[in-house]
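A short write-up of the structure that comes next.
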Amino acid sequence: MILYKLSFWGALYTFFNILQNAQSLSSNAARPTTYNYFAFGSNMALATMESLRNITPLASTAAVLPGHRLAFNVPGMPFIEPSWASIEPIDSEGISNSNKNHLVHGVLYKLTEKDFVTVCQSEGVPLSYTLHRCQPIPYIGDNEKAGWDTYQKTLTESNNNNKRKDASKQNVLGSVPAYTLRAGRTEWRKGKDIPPSSSYMRVLVRGAREFCVDDDYICMLEKIPTGRTLIGGGVAGAMLGMAEASRKR
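Just add 1 to the spot in the sequence shown (first one is 1) and you have my numbering.
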């Protein structure tokens, strides 16, 4: 409980520090601050960012994050949207550089400080999620396994240059300091994954395809078991569709 409280207040301090800085952007327009944000869930879809969040990324590219796994441990609304995606670091002793399940693929966005705060607010930071520092590696190329090839190449180069010892340290040549989102409560992180809705998963797959994420990873997303819902497989896709339609008016 003490560790959770420390984690919560640390996340709360970080978030409001960012919020305070964003509110003073007008007085620092000459040198605006930007943030790198690694998206692994529905925010991979550009339409989620632009139409649903009203965010215009400054730049975006597919990227891979070593030493983590994709999780569905943030509770949503039972029988409507049962869960939301998160990522969990893998214990350093359990990491295998040859295990594709020890990598999370996603989209690395460059955002203005104001837009980064919007992401945090829309995702429920620091209650549903907490900010998590990470070092994703941008894809080199866009072939069917560009992410895996990029990771293996940077891993080899890093080892040859004695820049890293194992994946848990994430000191990989070519990696980019960024923020991502992790489940906000310790019990969620330690608990079992909750099967997401099929509608939500279709949004994830849409975003992954849009940014040419590795074929193997997309197949993995498509095979994730989905949970029972009462409304058409979930509402995530419908909400995104309505936001897109509204934006076109």
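The beta carbon of each residue, even a glycine, is placed where N, CA and C say it ideally should be.
query = For S176, which option in D92, Q136 and D194 has the closest C-alpha, if you only look at C-alpha atoms?
reply = Q136
ask   = Using the C-alpha atoms, what's the distance from R210 back to G126?
value = Residue identity check: residue 126 is Val in the sequence provided, not Gly. Roughly 27 Å separates the two Cα atoms.
inquiry  = Please report the distance separating the alpha-carbon of E145 from that of A63.
reply    = 12 Å
Inter-residue Cα distance where the pair is T157 and R250 = 50 Å
inquiry  = Quick check on I232: buried or exposed, where buried means 16 or more other Cβ atoms within 10 Å of its Cβ?
reply    = exposed
ask   = Among K154, L104 and G192, which one has its Cα closest to the Cα of V65?
value = L104
message = Can you check which of these residues, S43, N44, H106 and P139, is closest to H69 by C-alpha distance?
response = H106
inquiry  = Does any residue of chain B have a CB that is nearer than 7 Å to the CB of L231?
reply    = The structure shown contains no chain B, having only a single protein chain.
ask   = Could you give the C-beta distance for I56 and V118, rounded to a whole number, given that I count them as a contact under 8 Å?
value = Their Cβ separation, rounded to whole angstroms, is 10 Å, which puts I56 and V118 out of contact at 8 Å.
query = Does the region 36-46 come close enough to the region 198-212 to have 3 or more Cβ pairs within less than 8 Å?
reply = yes
ask   = Are P58 and Y130 closer than 7 Å when you measure CB to CB?
value = no
query = For the alpha helix (DSSP H) that contains S200, what are its first and last residues?
reply = S199 to E211
request  = Report the three-state DSSP secondary structure of L112 (helix, strand or coil).
outcome  = strand
message = Given this structure, state the Cα-to-Cα distance separating A239 from I81, to the nearest angstrom.
response = 12 Å
request  = Go ahead and pull the three-state DSSP assignment for G107.
outcome  = strand
request  = Under the assumption that E94 contacts R183 (Cβ atoms under 8 Å), give the Cβ distance between them as a whole number of angstroms.
outcome  = So it is not a contact: roughly 20 Å between Cβ atoms.
query = Opposite S87 in the DSSP bridges: which residues?
reply = A72
key: Extent of the continuous alpha helix (DSSP H) run through R248   = A237 to K249
request  = Return the CA-CA distance between R229 and P76, expressed in angstroms with no decimal places.
outcome  = 14 Å
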